[in-house]
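Each residue of the sequence shown is one higher than the one before, counting from 1 in the numbering used here.
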Amino acid sequence: MVFMGDRATLLETGRFVQRHARNAADEIIEAVPAVDAVVVDSTPRAGAVPDAGPDTEAETEAETEGRHRRAAERGDTDAMSALGALLLRRGDLDGAEPFLRAATAEGDRAAANNLGVLLHQRGYPDEAAGWWRVAAVAGSAPAAHALGRHHRERGDEPAAEYWLRQAAEQGHALGAYALADLLEHRSDVGAERWLRAAAEQGHREAAYRLALALERRATETLRGPHAYGPPAAAGRAGHAYDTAGRLRAADPARAGEEQPPAPAPPRTGETGGAGPLAEAEQWFRQAAARGHRRAALHLGAILEQRGELKEAGRWYLSSAKEGEAKAACALGFLLRDAGDEESAAVWWLRAAQDGDGNAANALGALHAARGEQQTAERWYRAAMDAGDVNGAYNLGLLCAAQDRLPQAEQWYRRAAYAGHREAANALAVLLLQAGDADGAEPWFSKAAEAGSVDAAFNLGIIHAGRDEDRSALAWYERAAAAGHTEAALQVGIAALRDGDEQTAERHLRCAAGGGSAEAAFRLATLLDARRPEPGPVVLGAPVDQKTECEEWYERAAQQGHRRAQVRVGMLAAGRGDLTGAARWYREAAEAGSRNGAFNLGLLLAREGSEREAALWWTRAARAGHGRAALRLALLAARRGELSEGRKWCARAVELGPAEVAERAARLSEALHQELTA
Numbered sequence: 001m002v003f004m005g006d007r008a009t010l011l012e013t014g015r016f017v018q019r020h021a022r023n024a025a026d027e028i029i030e031a032v033p034a035v036d037a038v039v040v041d042s043t044p045r046a047g048a049v050p051d052a053g054p055d056t057e058a059e060t061e062a063e064t065e066g067r068h069r070r071a072a073e074r075g076d077t078d079a080m081s082a083l084g085a086l087l088l089r090r091g092d093l094d095g096a097e098p099f100l101r102a103a104t105a106e107g108d109r110a111a112a113n114n115l116g117v118l119l120h121q122r123g124y125p126d127e128a129a130g131w132w133r134v135a136a137v138a139g140s141a142p143a144a145h146a147l148g149r150h151h152r153e154r155g156d157e158p159a160a161e162y163w164l165r166q167a168a169e170q171g172h173a174l175g176a177y178a179l180a181d182l183l184e185h186r187s188d189v190g191a192e193r194w195l196r197a198a199a200e201q202g203h204r205e206a207a208y209r210l211a212l213a214l215e216r217r218a219t220e221t222l223r224g225p226h227a228y229g230p231p232a233a234a235g236r237a238g239h240a241y242d243t244a245g246r247l248r249a250a251d252p253a254r255a256g257e258e259q260p261p262a263p264a265p266p267r268t269g270e271t272g273g274a275g276p277l278a279e280a281e282q283w284f285r286q287a288a289a290r291g292h293r294r295a296a297l298h299l300g301a302i303l304e305q306r307g308e309l310k311e312a313g314r315w316y317l318s319s320a321k322e323g324e325a326k327a328a329c330a331l332g333f334l335l336r337d338a339g340d341e342e343s344a345a346v347w348w349l350r351a352a353q354d355g356d357g358n359a360a361n362a363l364g365a366l367h368a369a370r371g372e373q374q375t376a377e378r379w380y381r382a383a384m385d386a387g388d389v390n391g392a393y394n395l396g397l398l399c400a401a402q403d404r405l406p407q408a409e410q411w412y413r414r415a416a417y418a419g420h421r422e423a424a425n426a427l428a429v430l431l432l433q434a435g436d437a438d439g440a441e442p443w444f445s446k447a448a449e450a451g452s453v454d455a456a457f458n459l460g461i462i463h464a465g466r467d468e469d470r471s472a473l474a475w476y477e478r479a480a481a482a483g484h485t486e487a488a489l490q491v492g493i494a495a496l497r498d499g500d501e502q503t504a505e506r507h508l509r510c511a512a513g514g515g516s517a518e519a520a521f522r523l524a525t526l527l528d529a530r531r532p533e534p535g536p537v538v539l540g541a542p543v544d545q546k547t548e549c550e551e552w553y554e555r556a557a558q559q560g561h562r563r564a565q566v567r568v569g570m571l572a573a574g575r576g577d578l579t580g581a582a583r584w585y586r587e588a589a590e591a592g593s594r595n596g597a598f599n600l601g602l603l604l605a606r607e608g609s610e611r612e613a614a615l616w617w618t619r620a621a622r623a624g625h626g627r628a629a630l631r632l633a634l635l636a637a638r639r640g641e642l643s644e645g646r647k648w649c650a651r652a653v654e655l656g657p658a659e660v661a662e663r664a665a666r667l668s669e670a671l672h673q674e675l676t677a
């Protein structure tokens, strides 16, 4: 018995990004026009400095400075304020301070604000706050913003909110953003209003955070209040019961598949929150266009989910060039999917070197696929060192593939203790295969409770093995509800056993649609039993089209299901399609079906190929087919091979069924009389 998940690979290393927490270091330092001056938020806590640029395009900065200096020496307050701002912007604090103080003494509020900036840069925050208060009271929005930031840093949130609100209500973008940040910290619903106000004025971090808020709200609306986690992936191939009732193993060809990507958000106009999602996309786009690398990353993910890969790649590239490791990783996946594995590796390498564990895992998988096990192991370790628990899980997979089971158990256990559900499932499989059922079951339970569909299915197997049918069915139903193909098959079989055809059909359709040949065959059998008996064949009447049950038989037959192949052959023969019937009988017979071999023999005998027919009947009879043995006995009797005929009669009597055994016994007696006559 092979349990689900022991050869799965690279789970949860997909290319789709997670939400990022706000990083204050990425806030934009930008110029903002104000009533009194053009100001710059020059430090995280600073106020603003007026823009003392040239009055004309032809005028140089030196000429501007000279003009302001001459006017200042004549006592012009505006010139003193502008000159002080110009020197402050340049970093000449000693030169700026006398002019700013002089202008402040004349009541210039821009100078008072910028004097606060200067004093703050010198390390006198309290004195700076005093001048910001003077300017703020006089109506300076930049000073109110700086004063609000000052109070927030000291823990005085009421004063901070008051001054930040003063700045925000005057249309100051940085003030609106800082107020939104304060309100969001307190979970105040008014935060979004001020984020929007700042974003509308071009504040890119505000646009980014507003987009995140809109996206989060729309997603919660779409998924409902009790939804959690992404939609479950379709179940992998697993065990099913063959015609003899034995467990068969999972399909090893499915090992190595990745989790499916998250579903794309609905477009504008669809129900369930498309409006906020579309608006979120627009704000991401605005922030990205202004150089916000994380907004570009989110925008790329949205476009990729929607299938607009070319534009998604452009935004990923823009973000990656700005140093966003996750964007470089996502770009690598896009390139890999486009067939450019070498370019993908370049971007994964860049992201991995910047500490992206997902990219390191992708590089590990790339090298593992090439057979470069040592290099793969090195990258998986790098992913683990970067804090990505998938690194430990993938190391376990790598060791298990090399039959280094103690090391595999070590890595699975490490990942499982860190909360990796598929690692917990793989660890349980490993323990169970080693005979430690008591140690395996708790890990299966932990993985299943964490959402592992394979683990839920495996628990069903364990309970079924103990004849705990009710518990087994409960776990199978849980896995089937999450899309597990073979679990749906088991639920369908149980429903058939209980006589609940409606439930059985529903689950068998799910399993058959998921690729289970056994489910397709059982569904076809169920539908076949409901078909009315065909009427008499009318010469010249059109041939009936294939029924749904025949289509399901064919789907199972095409996947190598022997009983389905025989049934498709019988249906084809019933329509008069002897060529098609012979083809399906032969496929089944060559795969070991005794019914296929017997029916193929009948067709060949009807066409006059009695010698070849005898070969297939012999194969069927040796495999336990009584009717084939009787046919061989009759064939031998016609040829006068009486001893050979009696031998096959004895075999037919032994194999049955009763009708065949009775005929074979009479034929054997007749052959005996002829032999002794």
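From the three backbone atoms N, C-alpha and C, an ideal C-beta is built for every residue, glycine too.
{"Asked": "Under the three-state reduction of DSSP, which class applies to G626: helix, strand or coil?", "Found": "helix"}
{"Asked": "When burial is assigned at 16 or more other CB atoms within 10 Å of the CB, is S140 buried or exposed?", "Found": "buried"}
{"Asked": "Would you mind giving the Cβ-Cβ distance between M384 and A392, rounded to the nearest angstrom? I have them listed as a contact below 8 Å.", "Found": "5 Å"}
{"Asked": "Using 8 Å as the threshold, is the C-beta distance between A129 and H150 below it?", "Found": "yes"}
{"Asked": "Run through DSSP, which three-state label would T579 get?", "Found": "helix"}
{"Asked": "Output the distance between the C-alpha atoms of S187 and R290, rounded to the nearest integer angstrom.", "Found": "28 Å"}
{"Asked": "Quick check on K692: does DSSP put it in helix, strand or coil?", "Found": "Beyond the ends of the chain as shown, which are 1 and 677, falls residue 692; an answer cannot be given."}
{"Asked": "Put V389 into one of helix, strand or coil per three-state DSSP.", "Found": "coil"}
{"Asked": "Would you identify the three-state DSSP class for H172, choosing helix, strand or coil?", "Found": "coil"}
{"Asked": "Taking the alpha carbon of A423 as the point to measure from, which residue in A434, N390, D436 has its own alpha carbon closest?", "Found": "N390"}
{"Asked": "What number of angstroms, rounded off, separates the C-alpha of G601 from the C-alpha of E659?", "Found": "20 Å"}
{"Asked": "Please report the straight-line C-alpha distance between A448 and L277, rounded to a whole angstrom.", "Found": "32 Å"}
{"Asked": "If you measure between the beta carbons of L115 and L93, is that distance less than 8 Å?", "Found": "no"}
{"Asked": "Which whole-angstrom value describes the C-beta separation of L508 and G492, a residue pair presumed to lie in contact below a C-beta threshold of 8 Å?", "Found": "4 Å"}
{"Asked": "In whole angstroms, what separates the C-alpha of E215 from that of A206?", "Found": "14 Å"}
{"Asked": "Report the three-state DSSP secondary structure of G355 (helix, strand or coil).", "Found": "coil"}
{"Asked": "Please determine, among A479, Q433, L432, I462, the residue with the shortest C-alpha to C-alpha distance to A450.", "Found": "A479"}
{"Asked": "Return the chain-ordered list of same chain residues with a C-beta closer than 7 Å to the C-beta of A160, the five sequence neighbours on each side being excluded.", "Found": "G148, H151, R152, L182"}
{"Asked": "Helix, strand or coil: how does DSSP classify S187 here?", "Found": "coil"}
{"Asked": "Alpha carbon to alpha carbon, how far is A234 from A512?", "Found": "Residue placement at A234 is flagged as unreliable, the pLDDT there being 28, under the threshold of 50; a coordinate-derived value is accordingly withheld."}
{"Asked": "Output the residue ranges of the alpha helix (DSSP H) runs that lie fully inside the region 384-450 and measure 4 residues or longer, sorted by chain position.", "Found": "390-401, 405-417, 421-433, 437-449"}
{"Asked": "Under the rule that 16 or more other beta-carbon atoms within 10 Å means buried, what is K321, buried or exposed?", "Found": "exposed"}
{"Asked": "Can you give the Cα-Cα distance for D356 and E106, rounded to whole angstroms?", "Found": "56 Å"}
{"Asked": "Just confirm the distance between the C-beta atoms of G364 and W379, as a whole number of angstroms; I'd bet it's less than 8 Å.", "Found": "4 Å"}
{"Asked": "At the level of alpha carbons, what is the spacing between R293 and A327?", "Found": "9 Å"}
{"Asked": "Rank G514, C549, D500 by C-alpha distance to the C-alpha of A698 and give the top, closest one.", "Found": "In the structure displayed, the chain extends from 1 to 677; residue 698 sits before or after that span and is not available."}
{"Asked": "Quick one: grab the DSSP three-state call for S668.", "Found": "helix"}
{"Asked": "Identify whether T60 lies in helix, strand or coil by the three-state DSSP scheme.", "Found": "coil"}
{"Asked": "Out of K310, N361, H561, which one is the CA nearest neighbour of A519?", "Found": "H561"}
{"Asked": "Using CA atoms only, rank isn't needed, just tell me which of D78, G95, P98 is closest to R109.", "Found": "D78"}
{"Asked": "Could you name each continuous alpha helix (DSSP H) segment of 4 residues or more that falls completely within the region 442-504, going from the start of the chain to the end?", "Found": "453-465, 469-481, 485-497"}
{"Asked": "How big is the Cα-Cα spacing for R466 and A369?", "Found": "39 Å"}
{"Asked": "What is the DSSP secondary structure of Y124, counted as helix, strand or coil?", "Found": "coil"}
{"Asked": "Look at the alpha carbon of A255 and the alpha carbon of Y412, and state the distance between them as a whole number of angstroms.", "Found": "Bear in mind that the predicted position of A255 carries a pLDDT of just 30, short of 50, making it unreliable; the figure below should be weighed with that in mind. Between A255 and Y412, the C-alpha separation is close to 17 Å."}
{"Asked": "Cβ atoms of L667 and G633: under 8 Å apart, would you say?", "Found": "The question names Gly, yet the displayed sequence has Ala at residue 633. Against a cut-off of 8 Å, the Cβ pair of L667 and A633 comes out as a contact."}
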